[in-house]
Amino acid sequence: MGVSRREFLKLAGLTAALGLGTGTAFELLAPGQVEAGEYLRSENALKAKQWALVFDVKKCLEHGEDCRICIDACINEHNIPQFDNPLHEIKWIWKDLYRHAFTDMDNEYVNDFYKDKPFVLLCNHCGEPPCVRVCPTQATFKRPDGIVMQDLHRCIGCRFCMAACPYGSRNFNWLDPRPHIVHYNPKYPTRRRGVVEKCIFCNEKIDLGLRPVCVDACPVGAIIFGDLYDPNSPVRQVLRKRFSIRRKLELGTKPSMFYLI
Amino acid sequence: MYDAEKIIPGLIVFLIIVFFPYYYTMGRMVPAPKPVKPTKYKKCVEPLSYMRAAHMDLLNDWRNEVVRHEKRVYLSSTGKEWNMSLQNECLKCHTSKKKFCDRCHNYLGVRPYCWDCHFDPHNVKALPHKIMTKETM
Amino acid sequence: MLEKILQGDRRYWIWVSFLLVVIGIGFACYVYQCYTGLGITGMSRETSWGLYIAQFTLMVGIAASGLMVVIPKLLHHYKKFIDLVMFGEFMAIAAVVMALLFVIIDVGQPMRLFNMVLHPTPHSMLFYDMIVLNGYLLINIIVGYNTMIADWKGVPPPRWIIPVAYLGVPWAVAIHTVTAFLYCGLPARHLWHSALMAPKFLAGAFCSGPALLMLILFMVEKVTGYAPTDDEGYQTLAKIVLYAAIIDLFFIFCEFFTAFYSNIPDEKAPLIYMFFGLHGYHRLMPLMRTSLFCGVLGIILLLVPSWRRNRVLLSIACFAIFMWMWLEKGFGLVIGGFIPDPFGRITQYTPTLPECAIVLGVWAIGALIITFLYKMGIAAKRDGQRM
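Chains as they are written, first to last, in our numbering: chain A, 1 to 261; chain B, 262 to 398; chain C, 399 to 785.
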């Protein structure tokens with residue numbers, strides 16, 4: 001008797017699909033968690049509805065335009081690789097000139113104090129982040145305390161978030177980062193090639209009751225840290241007293257990084 | 262059978278290739294792995310039998326809870342609280358990845374991708390470093 | 399039908415061997431990319447998408463263009479396209495497979511791609527892209543395969559195919575609309591932030607896809623002597639290409655007007671970089687100007703009926719229209735979107751050799767799929783006509 005070749009192929013295909021599908025179905029419908037212990041937040045964890053930073057640019061510039069203390073603190077804390085090739089650069093916090101930081105604002109006739117001066121830039125941890133909207137796996141997501149977090153374990157490296165970020169805050173590991181790390185912090189992991197990374201607001205510190213390393217590192221206290229939605233936080237107090245600007249407000253992202261000018 | 266002169270030799274070659282690992286290692290004894298146990302501490306996060314069977318699932322759950330749910334404290338079944346971190350808690354007691362983790366993983370031919378990003382904090386020297394020359398400074 | 403793939407003359411085997419060599423080289427370069435990272439390409443922190451995603455966009459358009467052959471036959475019972483539909487769908491299958499491959503090779507962690515299924519994200523356009531592309535592949539395989547078997551037996555296709563074919567009509571529009579929404583929903587890139595993105599993509603697809611189909615069918619006719627339609631059918635297809643091309647050119651004109659008449663610097667800058675060079679950077683300029691020239695040339699050659707009826711001029715016109723889209727969608731649009739970057743700087747992009755080899759490898763895979771499917775399809779039609 002026998003089975004025709006086409007029937008055999010159809011049977012083989014169906015069996016393969018069933019085999020793969022059943023395994024997948026188990027994964028999807030009943031992923032299961034190990035039920036041995038309980039998961040708790042640290043008692044010391046800092047709480048907020050939307051973390052924000054306010055940069056006192058006057059203090060920062062008066063301390064010194066070449067100062068890199070906050071940047072180096074972040075690099076050393078998070079094992080950020082230093083690539084020589086500018087195409088592959090990875091920077092979580094960095095400095096750029098006024099006219100590059102605020103492309104929507106006038107640079108030609110701005111006062112001499114700010115013209116062509118460096119501003120400290122980083123991920124804005126937007127109130128309505130476009131990167132979170134586009135991530136297909138929720139590898140980048142907004143925490144309840146406002147931090148736009150990066151799950152390096154889930155990121156597939158599609159770089160859609162990099163196309164969506166209006167502030168150029170995101171970096172991709174084009175190559176293995178480890179040969180380009182100058183100094184390792186034994187308490188923090190590195191990343192591997194093929195994932196997107198950015199400033200994660202030192203959530204590993206905040207969850208344990210400490211402040212971001214850039215905030216602590218600044219020798220003149222030019223970085224003010226607090227909850228944007230708490231009317232009595234240091235951030236809101238200083239914003240009531242001084243005029244501030246944010247980057248590309250017209251795009252509706254609601255950035256949380258303020259610059260006092 | 263059509264094309265018997267092609268199919269039967271092909272099947273024999275296939276079987277030779279597929280069963281190569283078995284008859285190549287037949288009769289050889291590979292000793293069981295001996296991971297070096299920590300000296301200062303006696304109890305792990307969970308009982309030994311549980312950790313042997315499920316430490317990978319435990320680490321996966323730790324990862325999800327830390328990264329996605331801001332929870333960093335693990336209240337284990339023994340009643341003790343642990344900081345959920347491979348580098349800072351597990352490797353605090355198991356002070357050498359090479360002498361503990363790698364012993365069993367190498368024996369079984371398992372390559373967990375955790376180590377692509379996480380590393381042994383006691384052996385930073387083994388990791389590739391960037392040499393800063395006068396030009397790159 | 400699969401045994402037809404293994405039966406062919408010398409020219410067939412030389413062609414298949416050549417494609418396999420190109421695929422092999424591309425695969426070797428891809429393995430190199432897997433081990434070293436995407437840094438072997440020309441992409442950078444500021445221009446983070448390159449040839450892979452650009453070609454993906456183009457191939458989704460080619461896939462959607464199967465619609466232009468299906469609609470006249472399915473909805474309007476245009477008899478000249480009865481045999482053409484299967485070949486249009488086979489080209490769509492090859493195009494969707496190429497599109498999916500381009501995404502897989504572009505992703506930094508391909509082994510984690512299943513995360514998109516494990517963690518569905520309804521607010522992400524890439525999630526919908528995955529669904530519609532795979533669904534479209536399924537529809538075309540089902541309809542194409544069953545039509546081929548029915549043709550081989552010399553009987554009309556089974557009736558249950560008709561609703562599936564009907565489903566394919568809005569689905570084809572959906573695949574390219576979702577792909578356009580990947581771009582036009584981003585606030586960060588001003589070149590892409592235009593309501594015209596989806597209509598422009600569709601118009602471009604509907605002119606370049608049938609143009610490519612005609613080119614392939616002309617080559618197939620030279621090699622096998624088989625033609626799925628006669629001169630009148632090809633003329634109808636050429637007219638479809640012409641109208642879609644004119645509409646697409648009009649859309650481009652609208653984009654230019656909106657940017658330059660409003661005088662908004664952020665909207666003008668990418669277009670100036672692409673077509674005129676900006677601040678001394680002009681790597682894309684020759685490509686974009688050539689693309690526009692090809693498009694206008696193709697339209698002119700198609701406009702005059704006597705030129706359109708000449709097979710040689712028609713082939714040149716189809717090639718020009720396809721090159722227009724290949725350069726504009728498959729190169730310029732995606733890369734131009736990143737320039738200038740959010741800081742107002744320009745980081746130019748040049749694909750590296752391994753990157754080009756990988757792209758050629760994917761193209762060779764598409765060509766191989768078309769070769770195999772068309773071989774089966776032509777054999778099926780010939781056997782069926784004998785019945």
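Heads up, the beta-carbon is just placed ideally off N, CA and C, and yes, glycines get one too.
Any Cβ of chain A within less than 7 Å of the Cβ of residue i?
{"i": "C/Leu751", "result": "no"}
{"i": "B/Arg324", "result": "yes"}
{"i": "B/Arg333", "result": "yes"}
{"i": "B/Asp264", "result": "no"}
{"i": "B/Met398", "result": "In this predicted model, B/Met398 has a pLDDT of only 48, less than 50, meaning its place in the structure is not dependable enough to derive any value."}
{"i": "B/Cys378", "result": "yes"}
{"i": "B/Lys353", "result": "no"}
{"i": "B/Asn384", "result": "no"}
{"i": "B/Met317", "result": "no"}
{"i": "B/Leu388", "result": "yes"}
If contacts are defined as beta-carbon pairs under 8 Å, then residue i and residue j qualify, I think. What distance do you get, rounded to the angstrom?
{"i": "C/Glu753", "j": "C/Thr439", "result": "4 Å"}
{"i": "A/Lys142", "j": "A/Val148", "result": "5 Å"}
{"i": "C/Val562", "j": "C/Ile547", "result": "That pair is no contact at about 14 Å."}
{"i": "A/Gly146", "j": "A/Trp51", "result": "5 Å"}
{"i": "C/Gly459", "j": "C/Ala490", "result": "Contact doesn't hold; Cβ gap of about 11 Å is too wide."}
Quick check on residue i: does DSSP put it in helix, strand or coil?
{"i": "A/Gln138", "result": "coil"}
{"i": "A/Val196", "result": "strand"}
{"i": "B/Met398", "result": "Because B/Met398 carries a pLDDT of 48, less than 50, the predicted location of this residue cannot be relied on, and the following value inherits that uncertainty. DSSP places B/Met398 in coil when its eight states are reduced to three."}
{"i": "C/Gln431", "result": "helix"}
{"i": "A/Lys248", "result": "coil"}
{"i": "C/Leu498", "result": "helix"}
{"i": "A/Asp227", "result": "strand"}
{"i": "C/Met774", "result": "helix"}
{"i": "A/Leu40", "result": "strand"}
{"i": "A/Val220", "result": "coil"}
{"i": "B/Val327", "result": "helix"}
{"i": "B/Tyr302", "result": "coil"}
{"i": "A/Gln150", "result": "strand"}
{"i": "C/Trp590", "result": "coil"}
{"i": "B/Lys332", "result": "coil"}
{"i": "B/Met393", "result": "coil"}
{"i": "A/Phe55", "result": "strand"}
Under the rule that 16 or more other beta-carbon atoms within 10 Å means buried, what is residue i, buried or exposed?
{"i": "B/Thr300", "result": "exposed"}
{"i": "C/Glu726", "result": "buried"}
{"i": "C/Thr445", "result": "buried"}
{"i": "C/Ala603", "result": "buried"}
{"i": "B/Met398", "result": "The predicted position of B/Met398 is uncertain, since its pLDDT is 48 and thus under 50; a value taken from the coordinates is nonetheless stated next. Exposed, since its Cβ has fewer than 16 Cβ neighbours within 10 Å."}
{"i": "B/Trp367", "result": "Checking the displayed sequence, the identity of residue 367 of chain B turns out to be Asn instead of Trp. It counts as exposed."}
{"i": "A/Asn124", "result": "buried"}
{"i": "A/Ser256", "result": "buried"}
{"i": "C/Leu584", "result": "buried"}
{"i": "C/Asn532", "result": "exposed"}
Using a beta-carbon distance below 7 Å, is residue i in contact with chain B?
{"i": "A/Ser256", "result": "no"}
{"i": "A/Glu77", "result": "no"}
{"i": "A/Ser42", "result": "yes"}
{"i": "A/Glu62", "result": "no"}
{"i": "A/Glu317", "result": "The first residue shown for chain A is 1 and the last is 261, placing residue 317 of chain A beyond what the model contains."}
{"i": "A/Gly37", "result": "yes"}
Any beta carbon of chain C sitting closer than 7 Å to that of residue i?
{"i": "A/Gly21", "result": "no"}
{"i": "A/Glu7", "result": "no"}
{"i": "A/Glu250", "result": "no"}
{"i": "A/Leu87", "result": "yes"}
{"i": "A/Thr15", "result": "no"}
With 9 Å as the limit, tell me which residues of the stretch 139-172 of chain A have their beta carbon closer than that to any beta carbon of chain C; keep them in chain order. So the close ones are Ala139, His153, Arg154, Cys155, Ile156, Gly157, Cys158, Arg159, Phe160, Met162, Ala163, Ala164, Cys165, Pro166, Tyr167, Gly168, Ser169, Arg170, Asn171 and Phe172.
In the stretch 111-139 of chain A, which residues sit with their C-beta less than 8 Å from some C-beta in chain C, listed in chain order? Hits within the stretch, in order: Pro130, Arg133, Val134, Cys135, Pro136, Thr137, Gln138 and Ala139.
Got a sec: which bits of the stretch 356-373 of chain B sit with their beta carbon under 8 Å from any beta carbon on chain A, in order along the chain? So the list is empty, because no residue satisfies the distance condition.
Return the residues of the stretch 511-537 of chain C that lie within a Cβ-Cβ distance of less than 7 Å from chain A, sorted by chain order. Those would be Leu511, Asn513, Met514, Leu516, His517, Thr519, His521, Ser522, Met523, Leu524 and Phe525, in chain order.
Taking only beta carbons into account, state which residues of the stretch 298-312 of chain B come closer than 7 Å to chain D, listed in chain order. No chain D is part of this structure, whose protein chains are labelled A, B and C.
Please list the residues of the stretch 197-216 of chain A that have a C-beta atom closer than 9 Å to any C-beta atom in chain C, keeping them in chain order. Cβ contacts with chain C come from no residue of the stretch 197-216 of chain A.
Contacting positions in the stretch 440-456 of chain C - beta carbon closer than 9 Å to chain A: Within the stretch 440-456 of chain C, Gly440, Met441, Ser442, Arg443, Glu444, Thr445, Ser446, Trp447 and Ile451 place their CB atoms closer than 9 Å to a CB of chain A, listed in sequence order.
Interface residues of the stretch 174-197 of chain A facing chain C [CB-CB below 8 Å]: Taking 8 Å as the cut-off between beta carbons, the residues of the stretch 174-197 of chain A near chain C are Trp174, Leu175, Asp176, Arg193, Gly194, Val195 and Val196, in sequence order.
Residues of the stretch 265-299 of chain B with Cβ closer than 7 Å to any Cβ of chain A, in chain order: From the stretch 265-299 of chain B, no residue has a Cβ closer than 7 Å to chain A.
Near-chain B residues of the stretch 215-231 of chain A (beta-carbon distance less than 9 Å), N- to C-terminal order: Close to chain B, meaning a Cβ-Cβ distance shorter than 9 Å, is no residue of the stretch 215-231 of chain A at all.
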